[in-house]
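A.B. asks: One structure coming up, written as structure tokens, with questions to follow.
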Amino acid sequence: FYMDRTEVTKAQWDAVYTWAVTNGYRFDHAGSGKAANHPVHTVSWYDVVKWCNARSEMEGRTPCYTVSGSPYKTGQSAPDCNFEADGYRLPTSAEWEYAARGGLQGKRFPWGDTITHDNANYCANGSAYSYDTSPYTKYTFHPSYDDGGTSYTSPVGSFSANGYGLYDMAGNVWEWCWDWYGSGYYASSPSSNPQGPSSGSYRMSRGGGWGDLANYC
Numbered sequence: 250f251y252m253d254r255t256e257v258t259k260a261q262w263d264a265v266y267t268w269a270v271t272n273g274y275r276f277d278h279a280g281s282g283k284a285a286n287h288p289v290h291t292v293s294w295y296d297v298v299k300w301c302n303a304r305s306e307m308e309g310r311t312p313c314y315t316v317s318g319s320p321y322k323t324g325q326s327a328p329d330c331n332f333e334a335d336g337y338r339l340p341t342s343a344e345w346e347y348a349a350r351g352g353l354q355g356k357r358f359p360w361g362d363t364i365t366h367d368n369a370n371y372c373a374n375g376s377a378y379s380y381d382t383s384p385y386t387k388y389t390f391h392p393s394y395d396d397g398g399t400s401y402t403s404p405v406g407s408f409s410a411n412g413y414g415l416y417d418m419a420g421n422v423w424e425w426c427w428d429w430y431g432s433g434y435y436a437s438s439p440s441s442n443p444q445g446p447s448s449g450s451y452r453m454s455r456g457g458g459w460g461d462l463a464n465y466c
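Going letter by letter, the sequence shown gives residues 250 to 466 in our numbering.
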């Protein structure tokens with residue numbers, strides 16, 4: 250499978266969103282972002298699935314997601330996914346993990362077994378986890394992306410790519426996946442808006458966010 254090299258930027262989101270709302274699509278959230286080259290956030294699973302369909306249509310591709318045989322454009326339905334279509338879709342959780350590892354085997358992160366602010370935009374706390382080797386012993390946001398009162402995302406591609414040429418597979422913002430699982434737990438952070446497709450189940454998000462500790466990354 251192919252995957253975008255970076256998280257979807259606010260500029261990319263806005264371009265497709267603007268086209269979509271004039272072509273029959275309806276979203277729960279318009280999407281937020283620090284700047285045009287930062288990742289979009291505060292979008293629901295339903296929003297991003299419909300956005301994938303709209304991007305597919307814009308580029309003359311076949312939308313992957315359908316409801317009763319028609320492209321999924323409105324509401325909060327649990328669509329079918331045609332994995333053989335040439336349109337855009339969310340990765341499965343297994344695909345996401347394969348992509349995030351970048352070819353490494355048996356490592357905690359896409360680059361190795363330890364993490365610092367040199368690797369990702371996350372909330373450091375070296376006293377919380379042995380593999381967080383940052384010098385900070387209390388909750389500390391990335392100093393380059395913290396105005397002293399509010400922390401925020403980093404521009405996409407600000408850190409080194411993994412072995413597959415993919416950026417920000419750990420930290421920055423949580424990333425939606427296709428899969429869902431049973432009730433009781435799901436990951437959340439300021440950078441995501443988890444939402445289940447039906448009662449008792451939750452869609453998966455992976456990777457951790459700018460406000461999360463190393464264990465989520």
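Beta carbons are placed, not taken as given, at the ideal position from N, Cα and C, and that holds for glycine.
Quick one: give me the first and last residue of the beta strand (DSSP E) that THR258 is part of.
C.D. replies: Where THR258 is concerned, there is no enclosing beta strand (DSSP E), given that its DSSP letter is neither H nor E.
A.B. asks: From ASN421, PHE358 and TYR337, pick the residue whose C-alpha is nearest to that of ASP381; which is it?
C.D. replies: Ranking ASN421, PHE358 and TYR337 by Cα distance to ASP381 puts PHE358 first.
A.B. asks: Which of helix, strand or coil does DSSP assign to ALA373?
C.D. replies: It is a strand residue.
A.B. asks: If you draw a straight line from the alpha carbon of CYS301 to that of GLY397, how long is it in whole angstroms?
C.D. replies: For CYS301 and GLY397, the distance between alpha carbons rounds to 36 Å.
A.B. asks: Quick one: grab the DSSP three-state call for SER403.
C.D. replies: Looking at SER403 - three-state DSSP - the assignment turns out to be coil, as it is neither helix nor strand.
A.B. asks: For the beta strand (DSSP E) containing TYR314, list its first residue and its last residue.
C.D. replies: It spans 314-316 - the beta strand (DSSP E) in which TYR314 sits, taken as one unbroken run.
A.B. asks: Grab me the residues of ALA334's own chain with a C-beta within less than 6 Å of its C-beta, minus the 5 sequence neighbours each way, in chain order.
C.D. replies: The residues are THR311 and CYS313.
A.B. asks: Mapping DSSP to helix, strand and coil, what is PRO392?
C.D. replies: Three-state result, PRO392: helix.
A.B. asks: State the DSSP-derived secondary structure class of CYS301, mapped to helix, strand or coil.
C.D. replies: CYS301 falls in the helix class under three-state DSSP.
A.B. asks: Helix or strand or just coil, what does DSSP make of TYR251?
C.D. replies: If DSSP states are grouped into helix, strand and coil, TYR251 belongs with coil.
A.B. asks: Are there 16 or more other CB atoms within 10 angstroms of the CB of PHE332, so buried, or fewer, so exposed?
C.D. replies: Looking at its Cβ environment, which holds fewer than 16 other Cβ atoms inside 10 Å, PHE332 is exposed.
A.B. asks: Any idea what DSSP makes of ARG350, helix, strand or coil?
C.D. replies: Correct three-state label for ARG350: helix.
A.B. asks: What would DSSP say about ASP296, mapped onto helix, strand or coil?
C.D. replies: In this structure, ASP296 counts as helix in the three-state DSSP scheme.
A.B. asks: Smallest Cα separation from ALA365: which of VAL316, THR341, ALA419 and THR258?
C.D. replies: Note on identity: in this sequence residue 365 is Thr, with Ala being the wrong assignment. Comparing Cα-Cα distances from THR365 to each of VAL316, THR341, ALA419 and THR258, the minimum goes to ALA419.
A.B. asks: In whole angstroms, what separates the C-alpha of SER447 from that of THR386?
C.D. replies: Summary for SER447: the model assigns pLDDT 44, below 50, so the residue's position carries little reliability, and this model does not support an answer.
A.B. asks: Relative to the alpha-carbon of GLY339, which residue among SER383, ALA373, GLN354 and TYR251 has its alpha-carbon at the smallest distance?
C.D. replies: Note that residue 339 is Leu in the sequence shown, not Gly. That would be TYR251, whose Cα lies nearest to the Cα of LEU339.
A.B. asks: So is the beta-carbon of ARG338 under 6 Å away from any non-hydrogen atom of the ligand COA?
C.D. replies: Here there are no bound small molecules, and the ligand COA is not part of this structure.
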